[in-house]
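Asks: Residue numbers (our numbering), protein chains in the order written: chain B, 751 to 1105; chain P, 36 to 565.
A virtual CB, placed ideally from N, CA and C, is assigned to each residue, including glycine.
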Amino acid sequence: MKTSARSSFTWRKVTENKLFFPLLALSLILLFDFIFIPGFFAIESRDGDLRGSLIDIFRNGSTVMLLAIGMTLVIATGGVDLSVGATMAIAASMAGILMNPSALKNEVFFVTDPNYTFQPLWVVIVLSLLVSIMCGLWNGVLVAYMRIQPMVATLILMIAGRGIAQLITNGLRVQITYRPYAFIGQGWIILPFSLYIVAVILLLTWIMTRKTSIGMFIESVGINFRSSYFSGIDEKKIKLLVYTFCGFCAGIAGLVASSNVKTSDANNIGLTTELDAILAVVIGGTSMAGGRFSLLASMIGALVMQAITQSMYAIGVPAFALQAIKAVVVILVILLYSEQVRGFVRRISSSKNEV
Amino acid sequence: MLRRINDFVSKNRNLIPLVSTALLALAAYGVGAYFFVGMRNPQVFFNLFRNTSFLLISGIGMTFVILTGGIDLSVSGVVALTTVATAVLLRDGWNPWVVILLMLAMGMTLGAIMGSFIVYLKVQPFIATLAGMWFARGMCFFISDNVVGIDNYIFQILGQTKILIPGLTELALSQGKPAPYINIPVIVAFLLLFAAIYVAHYTRFGRSIYAIGGNEGRNEQSARLMGLPVDRTKLLVYTFNGFCSALAGLSFSLFVASGHGLYASGFELDVIASVVMGGTMLTGGAGYVFGTFFGVLVLAVTQALIQFIGTLSSWWTKIVIGVLTLIFIGVQTVLANRKSGRQGAQTLQDALRKRQRLALGFGAVAVLAILAIVSSTRLGSASSTENPETAQCVIKPFREAEAANLIKDGAVIVYNRTAGPLCVDELFAIYPDGRVLGNDGVNNVESEVDPAEVDQMLSKISGDYKWFTDAIYGRYLTPCRQCFAHYVSVSYRGQEKTVSQVDGTASMPQGYTLTLALIRSVLPEINPAP
């Protein structure tokens, strides 16, 4: 969108745009798919709903996109939240146990009725999100008020969180058969329903950060929290807000993920997604040191991650081996953004100009 | 008096976490030995080391990395890769000694590559090592998808040689007990520990490590200005940690005698937690290698206690370790603030710190109180019901022969359910005339349903749920503590098929689940819940 012809259009301006590298990466992957995977771009309409590999990228990527929204803000304050995967599992377990509490009686009880639920849906959603907000609040208090390093503070919940999730479900995997709940992750209204959730959250966050001064406060805290404090910004409250919001996003992601697989499995829901989310943000060009951020770039980063996954599945790479490929991609991205490599490229190009 | 205590505490504050960890480990073991007779067995004590030798080896490397202010998340990946590569190379007939050397070289290479990313490209340690973990885990599955067993003679010798403890052997034999022993990986771990202590405290390299870490990276700059070889030291530290990970992987593969890419998942968290509990600051610059030993010991004792209590499930380990890590990090933060509080005596900040310290103290007390309440109720219930068969019930095998006889007698559906939290063993038979018979070996029950219903059920099972097709298959694993094992035999129109499953395993076929639900809906209860 930035490449539209302008009077001051220069190559340099394009390459320095935040969206340039993520978009370039995404288009490279899609080009690869276009060449090597026939029918990747085919979109068919089934009962008025659009389906196809391209739509699947968006649908399966919605979890990481949700996490990336919260993670972008956290990383912009110079922190990181490693506990989002565990928070997802906690929210999913909470939702599962509220809909099918038989696991508490130490027995797997086969509910097959698609209309059965123990609590009404709104109670399920509100309570699960409340629990995830509490998780975020806990991280925020540790980071902002106890002054513990973000990575360490969130590591605690990352270690204990899965244990807590298993405690909630009594260590069992809870089957979710309630159909309206399944709609969250599997429903379609022309496009997948989870995409609308992502869009709403993204819009809200965008308004919160770009139409109020909160966004600028976040960036200022990320660049230098001490000088922000002296210029009258309550950096502790900003940090608390950001971590709480990240927990909230992780809670929604947990609901989407559990409704997608129709079980709440404390061991596997959200496993290693925290890494995907962080990488999405890093690919989006937000510096891990904090400071300027771009929500849209993080969204594209999340899509890049999902597009890689999807195309690797399409050409038949086994799920576990995928990690190695992801690692190589990460290393390439790190190289692309690192100052040393950029300086090297700049030196080469400038010496060429001199010649 | 108070002042003297205060001074003493300030002077030796670096030792506080270490000493408290050591006391905690001993106290936890003492409590365990008081409640459970089994824990007084010396072999249980030595098993603490046998089960965690790889954790100790990896923790030593991690301590160095954390002392420089970095972190290494790749250890679990490297451990898994080592187990798989070792197993596959041994299967292909390589010389085991060559394999061991090769694995150590591989670990060092991976460590060096990650280290050079961190040192020369200024990538954050946590991202670089994360990529390393993914790479290593992914490579495991390029090598082999399945579990590969190790049945090499040398590896068997290394893994199973019993080293008796001098002095304790005669004592145990005089009491008629088997002599307690440790094994070779434990010896290796301790040798590495002593070498690491020497390196950390008595060499120039060790002093440089301490000089680099701490103070949010500002110390690194001062170390550089002092002319210390910062880059080389950091690179060496990550290489050493790669070596430790590979060694831990070898020790792990001796322990489980096989290799697979999913082994040791979440291992890095255990390692980091034990380093932190050992009193090493996560910001770097302060801590002792010897503390890591106690950190590992705390983790091992926690696991052993939870095993002994029996009614607690394994996930309590995670929660306890998380809480302990939190407390230790809190203590460290307080101590660090105390240190910096000496230099700038600003009244406002002092007040803030005091408040923070109070809040932290209250938080820790609250957490401990909750933990104490929970554990006391659990411990109480465990010790009050000391002898029941529920605590250690044995999973009964399916009564397959009896089930086959029932089918021969004309039953159309036979359903046997075992295991579960109370280790039930219920066998039901449904006859075409609507009789439902059940027994659990002690009690018998009988009930009646409409014969038409039985016929309807059968046609549904064979038609809708596709019982007699390949879509229904059995996958039997050992049931977990809460799960039931199901054995269903259906005979309908000359066809007969038996499938057994355990719930909680990955994927029960849809039709199987529905069949089970259908059958269970007509069964009477044998022991009505009180």
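If contact means a Cβ-Cβ distance below 9 Å, which residues of the stretch 1060-1077 of chain B contact chain P?
Replies: Within the stretch 1060-1077 of chain B, the qualifying residues are P1068, A1069, F1070, A1071, L1072, Q1073, A1074, I1075, K1076 and A1077.
Asks: Should F43 (chain P) be flagged as near chain B, meaning a C-beta pair shorter than 8 Å?
Replies: Not one chain B Cβ lies under 8 Å of F43 (chain P).
Asks: The alpha helix (DSSP H) that contains N86 (chain P), what's its start and end?
Replies: Note, N86 (chain P): alpha helix (DSSP H), P77 to L102.
Asks: Taking the straight line between their C-alpha atoms, what separation do you get for L952 (chain B) and V814 (chain B)?
Replies: Rounded to the nearest angstrom, the two C-alpha atoms are 13 Å apart.
Asks: Please name the residues in the stretch 325-356 of chain P whose beta-carbon is closer than 9 Å to at least one beta-carbon of chain B, in chain order.
Replies: Of all residues in the stretch 325-356 of chain P, S348, S349, W350, W351, T352, K353, I354, V355 and I356 have a Cβ within less than 9 Å of some Cβ in chain B.
Asks: According to the neighbour-count rule (16 or more other Cβ atoms, all chains shown, within 10 Å of its Cβ), is E461 (chain P) buried or exposed?
Replies: By the neighbour-count rule (16 or more Cβ atoms within 10 Å), E461 (chain P) is buried.
Asks: Take G1051 (chain B) as the anchor and find which of B:S803, B:L817 and B:V950 has the nearest alpha-carbon.
Replies: When each option's Cα is compared against that of G1051 (chain B), the closest is B:L817.
Asks: Below 8 Å between beta carbons: does that hold for I918 (chain B) and I840 (chain B)?
Replies: Contact flag set, yes.
Asks: Is DSSP giving I940 (chain B) helix, strand or coil here?
Replies: Correct three-state label for I940 (chain B): coil.
Asks: Exposed or buried, which one is F1094 (chain B) when buried takes at least 16 other CB atoms within 10 Å?
Replies: Per the 10 Å Cβ criterion, exposed.
Asks: For V572 (chain P) and V534 (chain P), what's the separation of their Cα atoms in angstroms?
Replies: With chain P covering 36 to 565 only, the question about residue 572 (chain P) has no answer from this structure.
Asks: Within the same chain, show all residues whose beta-carbon is closer than 8 Å to that of L1117 (chain B), passing over the 5 residues directly before and after it, in chain order.
Replies: Outside the displayed range of chain B (751 to 1105) lies residue 1117 (chain B), so it cannot be described from this structure.
Asks: As a quick exercise: from P:V523, P:R259 and P:E483, pick the residue whose alpha carbon is nearest that of L549 (chain P).
Replies: L549 (chain P) has its Cα closest to that of P:V523, out of P:V523, P:R259 and P:E483.
Asks: Is any beta-carbon of chain P found at less than 8 Å from that of A755 (chain B)?
Replies: For A755 (chain B), the predicted structure reports a pLDDT of 48, less than 50, and the residue's modelled location is therefore unreliable. A value from the coordinates is still provided. No, because no Cβ of chain P sits closer than 8 Å to the Cβ of A755 (chain B).
Asks: Under 8 Å between the Cβ atoms of F786 (chain B) and I1098 (chain B)?
Replies: Contact: no.
Asks: Under 8 Å, do G167 (chain P) and S109 (chain P) count as touching if we go by C-beta distance?
Replies: Yes, they are a contact pair.
Asks: Can you check DSSP and say which residues form a bridge with V534 (chain P)?
Replies: Its beta-bridge partners are P:V523.
Asks: Using 8 Å for Cβ pairs, my map puts I819 (chain B) next to L1005 (chain B). What's the rounded Cβ distance?
Replies: Actually they do not touch by this definition, with Cβ atoms about 15 Å apart.
Asks: So, are the CB atoms of A1027 (chain B) and V893 (chain B) less than 8 Å apart?
Replies: No, the pair does not count as a contact, with Cβ atoms beyond the cut-off.
Asks: For F71 (chain P), would you say it is in contact with chain B, using Cβ-to-Cβ distances shorter than 8 Å as the test?
Replies: No, its Cβ sits nowhere closer than 8 Å to a Cβ of chain B.
Asks: Nearest-angstrom Cα distance between S418 (chain P) and S1048 (chain B)?
Replies: With a pLDDT of only 42 at S418 (chain P), under the threshold of 50, the placement of this residue in the model should not be trusted, and no figure is reported.
Asks: Residue range of the beta strand (DSSP E) that A454 (chain P) falls in?
Replies: Looking at the DSSP string, the run of the beta strand (DSSP E) that includes A454 (chain P) is I448 to A454.
Asks: Quick check: is the beta carbon of A506 (chain P) nearer than 8 Å to any beta carbon in chain B?
Replies: It does not: the Cβ of A506 (chain P) has no partner Cβ on chain B nearer than 8 Å.
Asks: Whose C-alpha, out of B:L832, B:R897 and B:A1030, is nearest the C-alpha of K987 (chain B)?
Replies: Looking at the Cα atoms, B:R897 is the closest of the given residues.
Asks: Pull the bridge partners of Q1060 (chain B) from the DSSP assignment, please.
Replies: For Q1060 (chain B), which the question treats as bridged, DSSP gives no partner whatsoever.
Asks: I'd like to know whether the C-beta atoms of A722 (chain B) and T1036 (chain B) end up nearer to each other than 8 Å.
Replies: For chain B, the structure presents residues 751 to 1105; residue 722 (chain B) sits outside this window and is missing.
Asks: What residues in its chain sit with their C-beta under 8 Å from that of A68 (chain P), if we drop five residues either side in the sequence?
Replies: Around A68 (chain P): M74 and R75.
Asks: Rounded to whole angstroms, what's the CA-CA distance from Q545 (chain P) to D127 (chain P)? Just pull it up for me.
Replies: Computed Cα separation, rounded: 40 Å.
Asks: Give the straight-line distance between the Cα atoms of I807 (chain B) and R172 (chain P), rounded to the nearest whole angstrom.
Replies: Near 24 Å, if we compare the C-alpha coordinates of R172 (chain P) and I807 (chain B).
Asks: With the cut-off set at 8 Å, would you say L285 (chain P) and M138 (chain P) are in Cβ contact?
Replies: The answer is yes: Cβ separation under 8 Å.
Asks: In whole angstroms, what separates the C-alpha of A446 (chain P) from that of Q338 (chain P)?
Replies: Rounded to whole angstroms, A446 (chain P) to Q338 (chain P) spans 47 Å at the Cα level.
Asks: What residues from the stretch 896-920 of chain B come within 9 Å of chain P, judged by C-beta to C-beta, listed N to C?
Replies: Those would be M896, R897, I898, Q899, M901, V902, A903, L905, I906, L907, M908, I909, A910, G911, R912, G913, I914, A915, Q916, L917 and N920, in chain order.
Asks: List the residues of chain B whose Cβ lies closer than 8 Å to the Cβ of L199 (chain P), in chain order.
Replies: Ordered by position in chain B, no residue passes the 8 Å Cβ test against L199 (chain P), which lies about 37 Å from the chain.
Asks: Can you give the beta carbon distance from M821 (chain B) to V1031 (chain B), rounded, assuming they're within the 8 Å contact cut?
Replies: M821 (chain B) to V1031 (chain B), Cβ: 5 Å. Contact.
Asks: Please state whether the Cβ-Cβ distance between L823 (chain B) and I968 (chain B) is less than 8 Å.
Replies: Taking 8 Å as the Cβ cut-off, L823 (chain B) and I968 (chain B) qualify as a contacting pair.
Asks: Would you say Q1090 (chain B) reaches chain P, if we count a Cβ-Cβ gap shorter than 8 Å as a contact?
Replies: Yes, Q1090 (chain B) counts as interfacial toward chain P.
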